[in-house]
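Input: a single structure, listed below in structure tokens.
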Amino acid sequence: KVNPDSPQRKVREIALSMGKKVIVPTPRLRGDFFLLDPKKVNPREASSISGFTKLGERVDIFSLDKIDVVIVGSVAVTRKGDRVGKGEGYSELEYAMLRELEKVDDSTPVITTLHPIQIVQSIPSMPYDVPVNILVTPEEVIRAPPREKPKGIMIEYLEKEKIEKTPFLKEFLMKYHEKDLKEN
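For the sequence shown, my numbering gives the first residue as 297, with consecutive numbering after it.
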């Protein structure tokens, strides 16, 4: 699974060029995921946001196969694997949903690509934050120490407004967390 943001376009293109199937979530979790099959799409064309939304096959999260690797975008990361994204939590929510559906687990590597200046000494983290296992810069590959990852959605941290603004998330929560929604 590769996040949909433009900085990961080259990652999507390379993976497709290597013959790998690529799963891309709809930006901002607005709907289903997209499956890019290297046998059916041109890697360069399909790697862009407009390309994967036009050429990708829409698949629902429930029918996905187990995912081999998760690639996320980052604003800043520590060498220990603590990560900050753009602050909206979509990578964490995607991971949490995939985790609950047993599409990923603690052994699934989480990788980020970044510039060396994005590597920082420390970042405050929350229990729902997904640690990065591998940091890839143009100069080096850094392996962070193994860490436990969130086991699923921590509904107590979700704001009602976020749920209402994200119909796909709301649908998932109604299916898997209906009781928790009523309690919060």
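C-beta atoms are modelled at their ideal positions from N, C-alpha and C, and glycine is treated no differently.
Residues near residue i by beta carbon distance below 6 angstroms, same chain, minus five either side
i      : result
Lys317 : Asp333
Thr462 : Leu325
Ala311 : Val318
Val337 : Leu351
Arg354 : Asp328
Where the alpha helix (DSSP H) containing residue i begins and where it ends
i      : result
Ala342 : Pro339 to Ala342
Ile483 : Outside the shown range of the chain (297 to 480) lies residue 483, about which nothing can therefore be said.
Val307 : Arg305 to Ser313
Cut-off 7 angstroms between Cβ atoms - residues of its own chain near residue i, not counting five sequence neighbours on either side
i      : result
Arg305 : Ser343 and Ser344
Glu396 : Gly448, Ile449 and Tyr472
His411 : Thr433
Glu444 : Asp402
Val400 : Ile363, Val366, Tyr391 and Leu394
Short Cβ contact (7 angstroms threshold) for residue i with residue j
i      : j      : result
Tyr386 : Leu325 : yes
Thr536 : Val428 : Since the first and last residues shown for the chain are 297 and 480, residue 536 lies out of range.
Asp378 : Ile430 : no
Pro321 : Pro300 : yes
Glu455 : Tyr424 : no
Chain-order list of residues whose beta-carbon lies under 8 angstroms from that of residue i (same chain, five-residue window excluded)
i      : result
Glu460 : Lys466
Lys458 : Gly385 and Leu465
Val416 : Ala372, Val373 and Thr374
Identity of the residues DSSP links to residue i by a beta bridge
i      : result
Leu331 : Ile319 and Glu353
Val380 : Ala372
Val426 : In the DSSP output, where bridge partners are listed per residue, Val426 has none listed.
Ile482 : The question about residue 482 has no answer, for the chain in this structure spans 297 to 480.
Residue nearest to residue i in terms of C-alpha spacing, selected from the options
i      : options                           : result
Asp476 : Glu452, Phe464 and Val368         : Glu452
Val366 : Glu398, Pro405 and Ser346         : Pro405
Ser302 : Tyr424, Gly347 and Asp328         : Gly347
Ile438 : Lys376, Val400, Met393 and Ile357 : Lys376
Phe468 : Glu341, Ile357, Val307 and Gly315 : Ile357
First and last residue of the uninterrupted beta strand (DSSP E) at residue i
i      : result
Ile438 : Val437 to Arg439
Leu431 : Ile430 to Val432
Val365 : Per DSSP, Val365 belongs to no beta strand (DSSP E) and is neither H nor E.
Val400 : Run containing Val400: none; DSSP gives neither H nor E here.
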